[in-house]
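> Under my numbering, the first residue of the sequence shown is numbered 8, with each subsequent residue one higher. Every residue, glycine too, gets a C-beta built ideally from N, C-alpha and C. This structure is a prediction, so every number in the text was calculated from the model and none was measured. Provided herewith is a single structure, encoded as structure tokens, for subsequent inquiry.
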Amino acid sequence: MPKALSQEDITHFIENGYLLVKNVFSPELAAKINLMVWEKLDERPDDTSTWHKPLVWLKEVFKNDIVDQIHTKRYSDVIDDLCGEDRWFAHTGAGVWPILFPGFSDSWCVPEENWHVEGNWFHHHLNSSEQGLIGIQLFTDIQPGGGGTGIRVGSHRYTARVLAEAEPDGLDEHELCNKVFPLTKHLPLIEITGNAGDILFIHPFTLHGSSTNLSKQVRIAANKCISLFQPLNLERVVEEDYSPVELAIVNSLKKRNS
Numbered sequence: 008m009p010k011a012l013s014q015e016d017i018t019h020f021i022e023n024g025y026l027l028v029k030n031v032f033s034p035e036l037a038a039k040i041n042l043m044v045w046e047k048l049d050e051r052p053d054d055t056s057t058w059h060k061p062l063v064w065l066k067e068v069f070k071n072d073i074v075d076q077i078h079t080k081r082y083s084d085v086i087d088d089l090c091g092e093d094r095w096f097a098h099t100g101a102g103v104w105p106i107l108f109p110g111f112s113d114s115w116c117v118p119e120e121n122w123h124v125e126g127n128w129f130h131h132h133l134n135s136s137e138q139g140l141i142g143i144q145l146f147t148d149i150q151p152g153g154g155g156t157g158i159r160v161g162s163h164r165y166t167a168r169v170l171a172e173a174e175p176d177g178l179d180e181h182e183l184c185n186k187v188f189p190l191t192k193h194l195p196l197i198e199i200t201g202n203a204g205d206i207l208f209i210h211p212f213t214l215h216g217s218s219t220n221l222s223k224q225v226r227i228a229a230n231k232c233i234s235l236f237q238p239l240n241l242e243r244v245v246e247e248d249y250s251p252v253e254l255a256i257v258n259s260l261k262k263r264n265s
């Protein structure tokens, strides 16, 4: 029985490869953490002359009591629902921060070089445990065109098939993305909008990327890696034992073979 999500939510995640969950932590907490973020940046929030590029990566995980408050019971319950209870662990802090500045583009898009399947720090296999789920935590509101994460809807199915064909050798991230990107250009492209305190959960096989920010507001979000204790089990005896992350892969391979 799911703890936080409806069956509709879980079905959406399995079929589309992502799910936006609202109100996981408070906007007030997000505002406090944003102040910490700005203290670590060379750019200033009130001086656009200090904004020199559209995307700045802040690799500061912020291991402190304030940031730890984002890890609400609702947060862990959602991960239980998607990865399976007692099967996962979250890396400390909030993760890494892709900060998107406005004023560098006249049209919305996901630049081609930004598209990727998560995981430049490990060799990818069909059952890899290093990246069990992605949690993109929103610390500012995102309106349409405001730098929301771009998603190729359903691209996780193609990644599963590419990785299945690459076994037993697997692929590095560069090889994987080069194979998945051209196969998924025809899929719907959506921009995820939301509010501070929402979290975008992405299947580890979903092609996604940072988009251009056409708004007047800097977009602040953090990308958190959620790993698994054990490799994905794609041959469970009882179907109900599959996590939604696993079931999305199993279903993708069944459709390929049918």
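On the premise that Gly201 lies in contact with Ala37, defined as a C-beta separation below 8 Å, what is that separation, rounded to the nearest angstrom?
Counting from 1 along the sequence shown, the entry for residue 37 is found at position 30. Counting from 1 along the sequence shown, the entry for residue 201 is found at position 194. That pair is no contact at about 11 Å.
> So, helix, strand or coil for Asp352, using DSSP?
Residue 352 cannot be examined here, being either before or after the span of the chain that is shown, 8 to 265.
> How is Lys47 classed by DSSP in three states: helix, strand or coil?
The residue given as residue 47 occupies position 40 in the sequence shown. It is helical.
> Is the beta carbon of Val160 sitting closer than 9 Å to the one on Tyr249?
Locating residue 160 in the sequence shown gives position 153, where the first residue counts as 1. Locating residue 249 in the sequence shown gives position 242, where the first residue counts as 1. Contact flag unset, no.
> For His98, which residues of its own chain have a beta-carbon under 6 Å away from its beta-carbon, when the five flanking residues on both sides are left out?
Along the sequence shown, read from residue 1 onward, the residue named residue 98 stands at position 91. Hits under 6 Å: Cys232.
> Distance check for Cys184 and His269, CA to CA, integer angstroms please.
Residue 269 falls outside the range modelled here, since the chain spans only 8 to 265, and no answer is possible.
> Is there at least one non-hydrogen atom of the ligand ADP closer than 8 Å to the beta-carbon of Ser250?
This structure simply doesn't include the ligand ADP, nor any ligand for that matter.
> Identify whether Asn230 lies in helix, strand or coil by the three-state DSSP scheme.
Here residue 230 is taken as the residue at index 223 of the sequence shown, counted from 1. In this structure, Asn230 counts as strand in the three-state DSSP scheme.
> DSSP three-state label for Gln237, please.
For the purposes of this step, residue 237 is taken as the residue at position 230 of the sequence shown. Correct three-state label for Gln237: coil.
> Taking the C-alpha atoms as reference points, what is the distance between Asn127 and Leu178?
Here residue 127 refers to the residue found at position 120 when the sequence shown is read from its first residue. Here residue 178 refers to the residue found at position 171 when the sequence shown is read from its first residue. Their Cα atoms are separated by approximately 11 Å.
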